[in-house]
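Numbering (the UniProt record's numbering), first residue to last: 1 to 612.
Here a beta-carbon is modelled for each residue, glycine too, at the ideal position from N, C-alpha and C.
What follows is the structure in structure tokens.
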């Protein structure tokens with residue numbers, strides 16, 4: 001085995017990411033902070049007036065799994081990690097706290113629970129509900145029965161979540177709490193999306209973001225499809241959450257412009273309160289922008305990138321990077337899972353794709369969200385459960401590389417050693433379907449599982465490399481399935497703007513470009529695209545005038561976004577043909593699994609399990 005020639009990604013240099021000269025730094029003193037709360041860490045990103053990153057720091061968040069399928073976090077712990085990250089970013093990069101003008105938050109679409117009476121965190125850990133963990137993570141799959149009950153209503157609002165409410169959303173989790181908490185405790189609870197909870201901690205007020213409530217909590221904006229209050233009373237009554245209707249839905253944030261305020265991304269929420277400012281090491285009074293779900297911050301941080309795309313035919317009247325160009329750009333935010341975000345001027349209903357959601361990012365515009373429940377987590381699982389994992393890890397460490405870098409280089413070596421025409425040829429007879437955590441889009445079936453054809457007894461590192469490649473191929477082919485489904489329904493996606501750690505995986509990125517037959521754009525700030533987007537929310541909030549009106553978000557994105565790197569599809573016709581055939585097999589594996597499960601379920605119908 002020859003020594004791999006790694007090309008490790010260079011870290012963001014504060015000097016490179018900052019201004020070129022001290023003189024320029026003096027001219028552009030305004031700074032904005034983006035705070036990104038992901039599944040595993042909280043990150044603080046500081047940008048200047050040009051959108052250049054001048055500070056970046058992170059801190060790992062606690063994650064508890066009290067039993068299989070349950071995932072919990074704590075807002076107290078998350079806030080502590082945010083404070084550590086902000087202070088570290090400021091001190092390590094010598095940013096004057098007095099130059100910070102705005103702050104924006106993004107977070108995972110997780111449910112945070114507080115006391116309506118005391119504003120203190122309320123435990124979500126059953127059966128005693130006595131821990132300090134008040135967050136049910138998006139990844140948590142405890143409300144299986146509650147999700148089935150919600151979807152059995154076939155209520156009209158389900159049209160706005162792709163036809164079915166996902167187990168990852170927050171209303172099923174609220175219903176689970178009602179079914180499992182002592183009544184007197186549940187009656188005291190108020191509920192937030194995590195990003196809204198963080199803006200509440202920062203400002204002390206109760207304003208909510210459309211991104212949070214519309215995308216994950218079953219809220220239909222007033223005026224959409226006859227919606228009067230946003231919250232649907234008949235729906236909540238049908239599923240058994242009529243308790244939340246009291247006091248005009250106060251425990252969920254109220255009714256917009258009656259006893260609540262709902263804002264699009266980055267709109268002015270309020271200013272940083274004294275307590276939060278002291279904890280963050282910042283002066284009070286800094287403008288806070290309405291937060292978003294992390295995937296939407298990825299959209300903000302990527303789709304405004306300056307890039308020449310042959311697919312975007314612009315008339316002489318349309319300026320470069322006009323807002324209309326966003327309609328053809330899909331943001332793929334790839335981390336533990338991957339979210340696929342698209343904007344459209346009109347509502348587009350896509351089975352298995354969440355949305356369409358109005359007003360979440362830009363007032364009057366509609367967003368859609370496809371997704372893969374596990375991509376980064378799937379790759380991690382496939383690698384760590386293979387017999388050659390420890391051996392491969394040791395080899396990677398000997399080359400001072402991570403295991404993904406090593407496996408990529410080993411695949412390229414294997415292609416050379418075997419005189420194979422491409423890496424894809426090595427995996428031609430392995431067919432892996434990877435919905436180990438269920439399917440988010442476009443099947444929208446949490447019961448989907450994985451399958452593999454072509455498995456042999458190879459326990460070697462090379463066997464692991466082929467299995468790993470098949471997993472990359474699955475991720476790319478499922479991306480094609482999602483894009484194809486969205487375009488058939490009425491979207492016009494012609495390019496993918498990718499962010500997250502998976503951007504560094506050159507084999508995966510080229511597979512996605514080739515499978516989807518469209519260019520993939522990689523942002524300048526690979527590791528920081530999401531919190532870069534969150535920082536733009538801070539810039540929008542800081543632009544508020546005396547009446548609270550702010551600059552258009554797209555104008556901020558256009559000004560602060562950086563050029564991206566374009567990855568084009570393969571021009572090898574044989575490789576294209578191979579991927580086309582593999583896609584047919586992929587679809588067959590997907591739909592045959594559903595057929596097989598139905599055949600088996602029909603055959604065992606009437607059997608009693610556990611006395612039922």
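Item, Value
"Presumed contact (8 Å Cβ cut-off) between residue 475 and residue 589, rounded CB distance", "Rounded, the Cβ-Cβ distance is 14 Å, inconsistent with contact."
"Minimum C-alpha distance to residue 437 - residue among 68, 52 and 456", "68"
"Other residues of its chain near residue 454: CB distance less than 7 Å, five sequence neighbours each side excluded", "429, 430 and 431"
"Identity of the residues DSSP links to residue 79 by a beta bridge", "None, per the DSSP bridge assignment."
"Residue burial classification, residue 152 (beta-carbon count within 10 angstroms, cutoff 16)", "exposed"
"Nearest residue (CA-CA) to residue 283, options 188, 306, 215 and 100", "100"
"Beta-carbon proximity list for residue 157, same chain, < 6 Å, skipping 5 on both sides", "218, 220, 232 and 235"
"Exposure of residue 577, with buried meaning 16 or more beta-carbon neighbours within 10 Å", "exposed"
"7 Å Cβ cutoff met for residue 205 and residue 270", "yes"
"Beta carbon of residue 268 nearer than 7 Å to that of residue 541", "yes"
"Where residue 62 falls: helix, strand or coil (DSSP)", "coil"
"Residue 416 burial status per 10 Å Cβ neighbour count (16 or more: buried)", "exposed"
"Inter-residue spacing [alpha-carbon to alpha-carbon] between residue 216 and residue 253", "14 Å"
"Bounding residues of the alpha helix (DSSP H) (the contiguous stretch that carries residue 369)", "Counting along the chain, residue 369 falls outside any alpha helix (DSSP H), though it belongs to the beta strand (DSSP E) covering 366 to 372."
"Simplified DSSP state of residue 159, which is helix, strand or coil", "helix"
"Cutoff 8 Å; reference residue 564; Cβ partners in own chain excluding five residues on either side", "302, 305, 306, 307, 497, 521, 522, 523 and 524"
"Through-space distance from residue 292 to residue 259, alpha-carbon basis", "21 Å"
"Reduced DSSP category for residue 56 - H, G, I as helix; E, B as strand; rest coil", "strand"
"Whether residue 202 touches residue 272 by CB criterion (7 Å)", "yes"
"Completely contained alpha helix (DSSP H) runs for the segment 532 to 602, where each covers 4 or more residues", "553 to 560"
"Residue 40 versus residue 63: straight-line alpha-carbon distance, rounded", "7 Å"
"Run of the alpha helix (DSSP H) containing residue 215, from where it starts to where it stops", "210 to 216"
"Nearest-angstrom Cβ-Cβ length linking residue 188 and residue 131, presumed shorter than 8 Å", "Not confirmed; about 16 Å, so no contact."
"Under the three-state DSSP convention, the category residue 517 falls into", "coil"
"C-beta contact flag for residue 95 and residue 31 at 7 Å", "yes"
"Cβ distance (whole Å) where residue 342 is taken to contact residue 499 below 8 Å", "About 14 Å separates the two Cβ atoms, so there is no contact after all."
"Selection from 329, 435, 227 and 92 that minimises the alpha carbon distance to residue 155", "227"
"Among 533, 266 and 468, nearest to residue 359 - alpha-carbon criterion", "266"
"Residue 401 in three-state terms, based on DSSP", "coil"
"Inter-stretch contact at 8 Å, needing at least 3 Cβ pairs: the segment 579 to 596 / the segment 476 to 494", "yes"
"Separation of residue 138 from residue 472, as counted between CA atoms", "23 Å"
"Residues that DSSP places opposite residue 339 in a beta bridge", "333 and 371"
"Residue range of the alpha helix (DSSP H) that includes residue 172", "170 to 180"
"Helix, strand or coil at residue 609 [DSSP, three-state]", "coil"
"Assumed close pair residue 434, residue 289 - CB separation to whole angstroms, cut-off 8 Å", "That belief does not hold up - the Cβ atoms of residue 434 and residue 289 are roughly 36 Å apart, past 8 Å."
"Cβ pair residue 45, residue 531 closer than 7 Å", "yes"
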